[in-house]
Amino acid sequence: MFQFDSVLCQTHSSGQIQSHSQLVYSVIGNRIKCYDTTLKIASVLDFECANDIRSIHISPCGRFIFAVDTQSIGVLITVFGQVIQHAALNLKQIVSFCFGSTDFLAIGLPDQILMYKTNLSQISSQDAFVFHQVFQIQTQRPVALYFSPDDSLLCVQQENSSFRVFPVSHLTSPHVTKYKQMQLMKQMFKPDSFDLIVPDKIIKAFFLQNTGINPYTYTQQLCNHELEESDPIIQKINEQFENKQMSTYDILLVNCKGQVTQFSAGSLESSSCYSFMKTNEFSASISAEQQSDITVINADQKYNQIVFTTQCGHYIMHDVNGEFIHSVSVSAYPLTSIRILSPIQVACASTFEKSLAVFNHQSESFELQEQSFVSTCFSLSHDGLYAAVGSVQGTVFVFNTITNMLTHTYIPHTSQVKSVQFFTSSKAIASCAADSVVCYDMNKQLMFRHLTTERNLFVHVAVEQSGEILAAADADFQVHLFDIQSGKLIDSLRYHEGPVTQLQFNPDGSGQLFSSSWDQTVRVLEAFKPGKEIHVIQEESVVLGFVLSKQLIVYLNDGSVNFYENGADEKLVDYINVKRHMQSGRLKQVMDSDKFEAADSQNGLLIGGGKGRYVVVYNQNEFKLKIQLSINYDLDGIDTDQFNQRTSKKEFMKDLEQQTKNIDLKTRKVLDPILALENKKTEARTLQINIAKDGTKFFVLTTFGLLTFKLKSSSGMNINLLVTHATVNKLIKTDYQTAMLQACQLQSLDLFKIAAQRLTGNEIFECGSLLPTFIQYLSESFSNNAVTVFKSLMKKSAKELFTKHRTWEQEKLLTAVKQFQKILRNQSEIVELGTEIEKLFAGMELEAIGRTTEAVEDEIIEEKIAMRRR
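Per the working numbering, residue 15 is the first one in the sequence shown, and the count goes up by one each step.
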């Protein structure tokens with residue numbers, strides 16, 4: 015059974031990055047990615063949202079994440095990806111969200127705020143999730159919510175940038191354990207909220223610890239009246255905090271110009287109507303070259319640091335008193351998210367560049383740099399440790415498949431990378447584009463060969479097993495052979511009449527160069543033999559590609575997949591049509607996704623994909639299962655060039671977008687793909703598939719990232735069908751024969767009976783599918799009529815074998831008869847059936863007398879292929 019593992023090529027797509035204990039969480043489409051900045055390992059949570067995720071929030075304990083998607087629907091999950099189900103969590107139109115420091119969380123809806131009490135800090139895997147509402151207020155659209163660290167205040171940033179504070183300690187105090195105490199606290203505390211006024215639009219708010227405030231003075235100001243010593247709440251506080259100072263917090267508000275305003279509590283006269291007043295004010299140290307609006311701010315009261323980011327990609331760090339610490343230029347794009355990880359580490363991200371970086375300002379170096387990009391091709395190293403991915407920007411990115419981290423980045427081309435290929439040693443990479451073919455040494459981190467021709471325009475590259483010969487196909491249908499050691503062009507051949515779709519050397523080291531083309535042929539060039547003889551395999555449709563394994567597998571534009579003996583004769587031995595299994599999704603995808611556009615095979619396992627969100631798995635040329643690459647509804651029914659308009663209403667965001675466009679024109683060699691993706695939706699499409707040599711992993715390059723899947727079992731080729739009761743029940747309506755077989759695998763007699771009711775008596779089952787469970791369920795489904803049904807199925811199957819001369823299936827058919835005989839213990843009719851089958855096969859053998867063995871085998875293969883076509 016296959017299991018999703020990770021996503022490469024995608025780093026950060028939307029929202030704010032979150033951090034906890036050196037772990038950085040970012041959004042990639044409809045998934046959440048986690049970076050361990052200490053171990054330098056990346057992983058993707060085992061959770062997938064139905065739509066793209068808009069924002070995420072992590073709990074103070076670091077165990078839970080609340081995610082809100084583009085449809086404003088929220089979901090609460092653990093950091094391991096397990097979804098916490100609860101009826102009260104089914105909220106829609108979520109605008110904002112925040113966790114309290116203990117077990118409280120607040121959810122902002124368009125016109126109200128809901129506060130809930132949970133048991134998140136104490137919950138374990140065996141405990142039930144407790145979730146009940148304790149507070150509800152009506153307010154204007156709350157774009158951001160903030161709990162004070164002691165949960166005594168809930169602050170609301172409204173859409174008009176006003177900032178309102180709600181005292182909620184009567185709800186969140188750990189000393190309030192009963193409902194009567196809560197009612198008493200409501201009477202004591204001032205119920206009305208109050209506003210904090212700043213001269214400009216607020217971007218962010220923070221709380222900083224202030225240890226110099228007496229708890230009684232602070233409580234009296236919030237209550238707005240004197241407290242008596244006999245008050246039960248005061249008695250409770252006295253018991254817990256006798257002779258100690260209770261920490262309270264100052265509020266820091268930051269506007270878009272970098273001006274910080276500090277409001278302190280407990281410093282007002284009793285006659286004042288507010289509990290906070292302005293006590294300090296300073297501005298960020300923005301230089302002339304950085305002169306632009308602040309985009310995002312973060313502060314950490316543990317380290318007493320506050321950091322600002324600007325539209326030009328700088329971040330500026332101050333301490334909380336306003337003293338400048340340092341400033342760093344991180345990106346040419348505006349930074350849209352930043353987090354303080356430690357006193358010397360800052361993590362920042364940009365949704366414009368879709369990048370994430372961790373900078374150590376003590377060593378003045380980047381500890382981590384990751385970037386999303388639009389990928390065009392990839393290659394898996396022979397040892398399975400590295401994946402090289404080409405991009406439309408001309409850059410090649412190399413990932414470690416164990417840690418899922420980026421290890422090498424180099425720019426070999428000035429235009430889109432068309433093809434990449436690892437050398438057999440797994441230490442060098444060849445890539446091609448419209449300008450040249452480049453060879454890169456990973457150990458020395460240098461490009462040691464630049465191979466060119468008169469016109470270049472390369473589209474495919476292949477490296478011979480010895481690593482001495484390189485072949486490259488160009489847009490003029492020519493194939494060029496290069497000597498890698500000398501860098502000289504050996505030969506240029508033009509033996510195709512259409513664009514070349516794939517190029518690969520035979521992995522057996524024979525020097526055979528296979529190529530496919532739109533001219534409906536696969537051609538084999540004997541590159542090492544004198545005269546360079548060319549063998550031609552003619553097909554009936556455009557050849558989209560091929561796979562070289564134990565067999566030569568060719569997939570065509572009409573949905574056909576042909577299997578040839580990988581030898582001198584290239585003899586056709588099998589055929590399948592993938593249209594039926596590929597078609598899925600909405601109407602447009604059903605029309606388009608009817609063929610393989612990419613495929614790979616290892617040890618009898620064939621995986622292929624095309625347009626749509628699925629790949630199809632075959633084992634020994636028999637359909638096994640479909641794997642859904644993504645459940646993201648935002649990928650459904652999208653045209654390649656379908657554009658959508660931006661929906662941001664904030665003026666400064668529009669300015670950022672315009673500035674980003676200007677940066678793109680100055681810094682990019684080609685049309686910026688990131689900007690293109692910002693303006694249009696992405697269609698679901700499989701670009702390339704590669705199965706690891708050991709069969710434990712396979713990689714699927716899609717338009718939304720390089721996805722990795724792993725097998726739960728260590729045995730790569732022993733595949734279990736990925737089926738459930740729901741999928742079988744759905745399959746009964748369209749393919750009840752396959753549903754019967756899958757019901758046997760699930761050991762579900764009820765599903766088998768439902769599917770078996772659709773039998774018409776004309777079915778022919780493959781003999782390999784007549785397992786003991788199938789026969790047992792068949793006998794239990796039809797009880798008294800089981801013998802009649804079984805005889806009908808066996809006779810139909812036997813006659814089909816007799817017509818098609820499939821003598822090798824006789825033993826399997828007779829074995830099924832013997833198994834049925836044991837189950838029903840009905841000797842006479844079953845023995846008679848066995849005798850009839852033996853006679854049919856005997857007649858088939860007599861008919862074959864007088865013909866050569868080779869002729870019989872040829873006829874059997876032809877009939878087998880013809881049957882599959884039907």
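We put the CB at the ideal spot given by N, CA and C, even for glycine. On a predicted model such as this, the values are computed, not experimentally measured, just so you know.
- Here Arg155 carries a coil assignment [DSSP, helix/strand/coil].
- When the beta-carbon positions are compared, Pro156 and Gly122 come within less than 8 Å of each other.
- Distance from the Cα of Glu636 is smallest, within the candidate group Ala740, Gly622, Val342 and Ser644, for Gly622.
- DSSP places Tyr49 within a strand segment (E or B) once states are collapsed to three.
- Assigned with DSSP and collapsed to three states, Arg699 falls in strand.
- The three-state reading of DSSP puts Thr423 in strand, counting E and B together.
- Between the stretch 58-69 and the stretch 381-401, the count of C-beta pairs closer than 8 Å stays below three; the two stretches do not touch.
- In this chain, the alpha helix (DSSP H) harbouring Ile768 covers Leu763 to Ala770.
- For Gln492, no beta strand (DSSP E) encloses it, and the DSSP letter there is neither H nor E.
- By the Cβ neighbour-count rule, Lys432 is buried, with 16 or more other Cβ atoms within 10 Å of its own.
- In the DSSP annotation of this structure, the continuous segment of the beta strand (DSSP E) that includes Tyr400 starts and ends at Tyr400 to Ser405.
- Judged by beta-carbon spacing, Ile358 lies within the 8 Å limit of Asn374, meaning their Cβ atoms are closer than that value.
- Per DSSP, Leu643 lies in no alpha helix (DSSP H) segment and is marked neither H nor E.
- If the five residues before and after Gln273 are omitted, its C-beta is found closer than 6 Å to the C-beta atoms of Ser297, all from its own chain and listed in chain order.
- A distance below 7 Å between beta-carbons, with the five flanking residues on each side excluded, links Thr515 to the following residues of its chain, in chain order: Ser530, Ser531, Trp532, Val557, Leu558 and Gly559.
- The stretch 494-511 makes no contact with the stretch 411-431: fewer than 3 CB pairs, one atom from each, lie closer than 8 Å.
- With fewer than 16 other Cβ atoms from the protein chains shown falling within 10 Å of its own Cβ, His739 counts as exposed.
- For Leu167, the beta-bridge partners assigned by DSSP are Pro181.
- For Ile551, the closest alpha carbon among the candidates Ser563, Arg537, Leu562 and Lys543 is that of Arg537.
- Shown here, Thr350 sits in coil according to DSSP, grouped into three states, outside any helix or strand.
- Asn414 sits in a strand when the DSSP states are folded into three classes.
- Put simply, the backbone Cα of His340 is about 10 Å away from that of Asp333.
- Of the candidates Leu128, Ser393 and His510, the residue whose Cα lies closest to the Cα of Ile703 is Ser393.
- Around the beta-carbon of Asn457, fewer than 16 other beta-carbon atoms lie within 10 Å, marking it exposed.
- By the beta-carbon neighbour count (other beta carbons within 10 angstroms, threshold 16), Pro426 is buried.
- From the listed residues Lys724, Gln771, Thr722 and Gln759, the smallest Cα separation to Ile746 is found for Gln771.
- Counting along the chain, no beta strand (DSSP E) covers Thr365, and no H or E run does either.
- By a beta-carbon distance limit of 8 Å, Val38 does not contact Thr52. Their separation comes to about 11 Å.
- Val475 is bridged by DSSP to Ala486.
- Distances from the alpha-carbon of Gly525 to those of Ile98, Pro513, Lys546 and Gly512 put Lys546 closest.
- Where Cys446 is concerned, the enclosing beta strand (DSSP E) starts and stops at Ala442 to Cys446.
- A direct Cα-to-Cα measurement between Gln616 and Leu562 gives close to 9 Å.
- A straight-line Cα-Cα distance of about 7 Å links Arg45 and Val58.
- The secondary-structure analysis by DSSP pairs Arg627 with nothing; it has no beta-bridge partner.
- For Gln85, the three-state secondary structure derived from DSSP is coil.
- Around the CB of Arg594, fewer than 16 other CB atoms lie within 10 Å, so the residue is classed as exposed.
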